[in-house]
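Working notes, structure below.
In our numbering, the protein residues as written are 18 to 284.
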């Protein structure tokens, strides 16, 4: 990102333990000389307060145990770059009344606003030597695109958000161009938000409830890309949500499906 630019960061709190966590407090900080917070998601405002432009305190609701289904809390924050830095850091520290503590950090490079980084042109199409098995995080390349979709909160309740992680990987030993990532929305569900890594993106709505999350111009061998998709459903149902990916080099779609349960409040 560059000086003056604002991006959204997603903070996810997950309870993988076997006990309910209460009295949660999450401290989100940045180095105020390089980054500053400019806001939080409107739905999270009642549970957040800002001590300064560099520190936010978030008090999410209690979290059920890992067996209870409702095991994550998420917070979107808006972060603005103030000055150049090779490694501007966002830090997160979470505590619970049960004595649990966790912390994490993410870094980004901030460029001066008047610096234009020339684009790195991709190599010519053709055979590329793949990385060793396991180095790319997806094991041996198999000559195809791969996609997976996972939902985070099942069952969910009518009118509440249900989140999905959509991961695509280029397992081909050649670059893929024009990679299209699409989602098929079920009846009675609407798309609330899509982000790639921590950056919100604008999807394209196609026919037959199909949403194109993104068209990726160039994807290296072994490269992985991760999306978070948020849907809201208005009717109780056993939903079927499908995602697919295809490219100029591999035009036959590869698909993945999830079937989360949506229940009425109080069911």
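All C-beta atoms in this analysis are idealised placements derived from N, C-alpha and C, irrespective of residue type, glycine included. Remember, predicted model here, so these are calculated numbers, not experimental data.
Taking C-alpha positions only, residue 36 is separated from residue 101 by approximately 43 Å.
With a 10 Å radius around the Cβ and a threshold of 16 neighbouring Cβ atoms, residue 250 comes out buried.
In this structure, residue 199 sits near residue 261, with a CB-CB distance shorter than 7 Å. For secondary structure counted as the beta strand (DSSP E) over 3 or more consecutive residues, the stretch 27-113 holds these complete runs in sequence order: 42-47, 52-57, 65-69, 72-75, 89-98, 102-112. In this structure, the beta-carbon distance from residue 32 to residue 56 does not fall below 7 Å. Where residue 257 is concerned, there is no enclosing beta strand (DSSP E), because DSSP gives it neither an H nor an E. With fewer than 16 other Cβ atoms from the protein chains shown falling within 10 Å of its own Cβ, residue 103 counts as exposed. In the structure shown, residue 190 adopts coil according to DSSP, grouped into three states. Residue environment analysis places residue 263 among the buried positions, since at least 16 neighbouring C-beta atoms fall within 10 angstroms of its C-beta. Annotated as proximal: residue 98 and residue 20, with beta-carbon spacing under 7 Å. In this model, residue 212 and residue 265 are separated by some 24 Å (Cα to Cα).
For residue 46 against residue 127, the beta-carbon gap comes to about 16 Å, at or over 8 Å, which does not count as contact.
Residue pairing by DSSP places residue 231 opposite 198 in a beta bridge.
In the DSSP annotation of this structure, the continuous segment of the beta strand (DSSP E) that includes residue 212 starts and ends at 206-213. When rounded, the separation of the alpha-carbon atoms in residue 18 and residue 245 is 20 Å. According to DSSP, residue 166 shares a beta bridge with 183.
Listed in chain order, the non-local C-beta contacts of residue 280 below 8 Å within the same chain comprise 172, 173, 174, 175, 253, local neighbours out to five positions each way being set aside. The beta carbons of residue 186 and residue 237 sit no closer together than 7 Å. One alpha carbon belongs to residue 78, the other to residue 168, and they sit about 20 Å apart. With a contact defined as Cβ atoms closer than 8 Å, residue 43 and residue 109 qualify at about 6 Å. Contact between residue 49 and residue 69 holds, since their C-beta atoms are separated by about 7 Å, short of 8 Å. In the structure shown, residue 240 falls within a coil segment according to DSSP collapsed to helix, strand and coil. Only residues of its own chain outside the window of five on either side were considered, and among them none has a CB closer than 7 Å to the CB of residue 204.
Between the alpha carbons of residue 40 and residue 184 lies a gap of roughly 33 Å. One Cα belongs to residue 80, the other to residue 64, and the distance between them is close to 14 Å.
Within the same chain, and ignoring the five residues on either side of residue 256 in sequence, the residues whose Cβ sits closer than 7 Å to its Cβ are 203, 206, 250, 276, 277, 279.
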